[in-house]
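Under the working numbering, think of the first position of the sequence shown as 4, with each following residue one higher.
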Amino acid sequence: MTHFLDIHKTDPAALRRILDNAIAMKTARAGRPKGTPDDTRPLDGRMVALIFEKPSTRTRISFDVGVRQLGGQTMVLSGADMQLGHGETIADTARVLSRYVDLIMIRTFEEATLLEMAEYSDVPVINGLTNRTHPCQIMADVMTYEEHRGPIADRKVVWSGDGNNVFASFAHAAGQFGFDLTFTGPEPLDPEPAWFEFCAGRGRPITVDRDPVRAVAGADLVVTDTWVSMHDAQSARERRHNQLRPYQVTEALMAHAAPDALFMHCLPAHRDDEVTSAVMDGAHSVVFDEAENRLHAQKAIMRHCLGV
Ligand code: CP
Ligand code: NVA
């Protein structure tokens, strides 16, 4: 069973094949209407369940469109509308879904839910975001970087802000694709120690620098994300804003990066909180390319999982 649960749990050679395939599929359908199926329809006859226990725009739509372009069918399900949200166990849900569908994508809160779904499912499971990681996003981000600037290996990537789930998948990608990752943010919002250990084990120790200007010096890529994630308590909002404000990505901060540095944000962005509108809409920004590449990268991930 080939699940796609996290970037550090997928073999680097497989990750590279996924990106190569994503680029090939994107190139092959360039300029066609979005609803046109691809020339090959590798998901013909396949049914994909897309389960959301949290809101989503990009993940929901890019997976749905992607399955259709590959010739398959989807059902988009809200966790709250399923018995899953009313006491049925994850294990039983996984066993039942396996009788109906060929592939499951789930966005949920606890990572344990994803892992239990994968353990009891007879069909592949894809992680569409948990509180802890967001691997599909960072596959699209690596693809986006390489489309614009060539191989990401040995590049300097700087994360400014909350050490959250999106950062975690960047850390996994640093270890797997071999780039240098710097974290700049307030100590109370540091990433999990496990991600430091993973990167150090891959010979790519994460650098921590509390000074955003020093951290960003010479960066090839600057990345940030929301200051309050979907799983964070709203009561923590004001404290987080105060802690994170020094790490806002501004044009002044970007001026310390390499002249051709890119800026990324997984979106949705809170303009003029974690990033100014000037940076979002400026020359460094590739945020909408990232959003588009979710579609292409996830099509390749689904084909990887199904071996088609
Ligand atoms: N970046 C991302 O996953 O966006 P959505 O929450 O809209 O799916
Ligand atoms: N860190 C954000 C990412 C949203 C795509 C969250 O978990 O809410």
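Note that CB positions come from ideal geometry on N, CA and C, so glycine has one too.
- C-alpha of THR210 to C-alpha of LEU184: approximately 6 Å in a straight line.
- For the 8 Å CB-CB criterion, GLU293 and ASP67 do not form a contact.
- With a minimum length of 3 residues, the unbroken runs of beta strand (DSSP E) contained wholly in the stretch 7-82 fall at 50-55, 76-81.
- For the pair of segments examined, the stretch 186-198 was found to touch the stretch 207-223: the number of CB pairs separated by less than 8 Å reaches three.
- Linking GLY178 to SER172 through their CA atoms gives a straight-line distance of about 10 Å.
- Take the alpha-carbon of GLY90 and the one of ARG35: they are about 44 Å apart.
- For ASP292, the enclosing alpha helix (DSSP H) stretches over residues 290-309.
- About 5 Å separates the beta carbon of ASN296 from that of MET146, a gap short enough to meet the 8 Å contact definition.
- In this structure, LEU247 has its CB at a distance of at least 7 Å from all heavy atoms of the ligand CP.
- Counting C-beta atoms within 10 angstroms of its own C-beta, ALA260 has 16 or more neighbours from the protein chains shown and is therefore classed as buried.
- Shown here, ARG207 sits in coil according to DSSP, grouped into three states, outside any helix or strand.
- MET146 sits in a helix when the DSSP states are folded into three classes.
- Distances from the CA of THR253 to each of VAL226, HIS307, ILE26 were compared; the closest alpha carbon is that of VAL226.
- Inclusion of ILE109 and GLY131 in the CB contact set at 8 Å is warranted, their separation being smaller than that value.
- Remark: C-beta atoms of GLU277 and ASP228 approach each other more closely than 8 Å.
- Exclusion of THR227 from the 7 Å shell around the ligand CP follows from its C-beta lying no nearer than that to any non-hydrogen atom of the ligand.
- In the three-state reduction of the DSSP assignment, ASP183 falls in the strand class.
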